[in-house]
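Below you'll find the structure, written out as structure tokens, and then a few comments.
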Amino acid sequence: MFKTPAIAIAAVVTASLLGAVGQYLVKAGTERSTAVWWGAFLSPWTLAGMGSYLLVLLLFTLAFRSGGTVVVLYPIYALTYVWAAVIGRVLFDQPIRPVHLFGMLLLVAGMMCMGAGHDLPPEGSPS
């Protein structure tokens, strides 16, 4: 069966969601900041976004310590783009057009292609 532990996959899926949330928090921080450009770094929204990215780092650490590999897990992190579109639609009424859905399907297909074969035993070896 698959070599990548379920906990590693779950950690990276969660990290992808937090990565998308982090993008919106940083965006909110920069839009709400009235200070000079570097003042946006001190916005509570931006700081929350940075906290989100710190959690992403911790989840990736957990995933790798659990036995996951970059080749299998990093393509899963591309779900961040899908989460960002969904968050934008639900919270900010941003449209998801057919071309966006097509792009999301391509991302998922790409993730499957990138991970294909990396969790399977080498050809010719006993399972």
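Under our numbering, the letters of the sequence shown match residues 12 to 138, in that order.
We put the beta carbon where it would ideally sit given N, CA and C, even for glycine.
For W94, the enclosing alpha helix (DSSP H) has its first and last residue at L90 to F103. Here A127 carries a coil assignment [DSSP, helix/strand/coil]. Put simply, the stretch 84–102 touches the stretch 111–124. At least three CB pairs are less than 8 Å apart.
Ranked by Cα distance from L112, the first of V101, L69 and V97 is V97. In the structure shown, the three-state DSSP call for G30 is helix. A distance of 7 Å or more separates the beta carbons of A19 and W94.
G50 sits away from G33, with the two beta carbons spaced by 7 Å or more.
A22 is positioned such that its CB atom lies closer than 7 Å to that of L73. The continuous alpha helix (DSSP H) containing F75 extends over residues P55 to R76.
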